[in-house]
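Here the structure is laid out as structure tokens; the discussion comes afterwards.
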């Protein structure tokens, strides 16, 4: 027996932001990140539409990239004071992820962060509020998923929180918002979406309900990501839909060790953060090579290659062609091949090696590792991380 959960309502297409007028409630708190949503006028539209729906509106602004536990707790306190019956979050993955976690502590003030880091351990939500998510980037798909990633900076760990309770009630996929994305962000979020779709398709929890979403998302991303990166508006619209379809898949299958590694390397080093989507793009070819030693995973990677008409006669050839396909996309998107080359070498080699065993164990313990198609231990994870740092071949 399995479960398939997505938001009750998904509004999509240009201009779909206007559907906020149809929400029924008395108070809405809007959780947002930096200034881009305000600068491009989208935040004003959200406020206007919610007020037209008859609601009192309060803003919670300034959610940082890779939102912290502290920000989550501040937001929950603001919610407890305002008592909204709708939580509306607009922006990239960070404000939406943060708002999901705030939701828990708004409805259950006695809960501690440590209480919810175990997957599927959340209390029952919707006792006080419903949730509407409006993404401005085309990658995380958090607007349709049961996941939220929150960072404990004191420990240097990103926690992927997982529970069907935090799947939004309403998602609004308006590609007009995605047209404002900077080029580098378009590349990183796009490859995040590609990783979601591929990891979902090979996950140990894949099923007939998730496979069509994953495969179609992979095709749409392949066809559109480079044009989207170059600023084509139609391609941006396609990517916005594709990342959402990938989210519908992976929310119900979970992911794999590409994400386990990205979660645990993201905030581990003093030189700077490794941006999540870029980390996924760098690690994905290495992980495909590692996982393909498991026969069923190899077969499913070959099926992806076939769906993209990449060629090849044997499963091994098809897997290699898929890896080369990802590497080619990364090159066209100006994404580096390895951690050592990331942002001109900001991740210090000595620090990386000194923390290797610790980060490897944390990655093995990450929630996403459980659904990876090939099992992995800490020593193998350390070798894989080294291969991702130095761009070494994966032959184990």
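Residue numbers (our numbering): 90 to 485.
Built from N, CA and C at the ideal position, the CB exists for glycine as well.
- By a beta-carbon distance limit of 8 angstroms, residue 390 does not contact residue 341. Their separation comes to about 20 angstroms.
- Beta bridge pairing from DSSP links residue 251 with 236.
- Its chain contains 432, 435 and 436 as the residues whose beta carbon lies nearer than 8 angstroms to that of residue 361, once the 5 sequence neighbours on both sides are disregarded; these appear in chain order.
- Listed in chain order, the non-local C-beta contacts of residue 347 below 7 angstroms within the same chain comprise 284, 288, 369, 372, 373 and 376, local neighbours out to five positions each way being set aside.
- Between residue 328 and residue 279, the CB-CB gap stays under 8 angstroms.
- The Cβ-Cβ distance between residue 457 and residue 366 does not fall below 8 angstroms.
- Taking 8 angstroms as the upper bound for CB-CB distance, residue 467 and residue 449 are in contact here, some 5 angstroms apart.
- Rounded to the nearest whole angstrom, the C-alpha separation of residue 482 and residue 242 is 32 angstroms.
- Pairing residue 304 with residue 290, the inter-Cα distance amounts to about 7 angstroms.
- Close CB contacts of residue 189 within its chain, under the 6 angstroms cut and outside five residues either way in sequence, are with 237 and 255 (chain order).
- Residue 100 is bridged by DSSP to 261.
- Straight through space, the alpha carbons of residue 386 and residue 172 are spaced by roughly 47 angstroms.
- When 302, 246, 215 and 151 are compared, the shortest CA-CA separation from residue 259 is found for 215.
- In this structure, residue 426 sits near residue 480, with a CB-CB distance shorter than 8 angstroms.
- Excluding residues up to 5 positions away in sequence, 391, 394 and 401 lie with their Cβ nearer than 6 angstroms to the Cβ of residue 407 in the same chain.
- In chain order, 225, 226, 227, 278 and 325 place their CB closer than 8 angstroms to the CB of residue 270, counting only its own chain and leaving out the 5 sequence neighbours on each side.
- Annotation: residue 425 is outside any beta strand (DSSP E) and is labelled neither H nor E by DSSP.
- Here the alpha carbon of residue 235 sits roughly 26 angstroms from the alpha carbon of residue 268.
- Just so you know, the alpha carbons of residue 272 and residue 465 end up roughly 35 angstroms apart.
- Rounded to the nearest angstrom, the gap between the Cα atoms of residue 153 and residue 302 is 30 angstroms.
- If you keep only unbroken beta strand (DSSP E) runs of at least 3 residues inside the region 161-221, you get 175-180.
- By the neighbour-count definition (other C-beta atoms within 10 Å, threshold 16), residue 333 is a buried residue.
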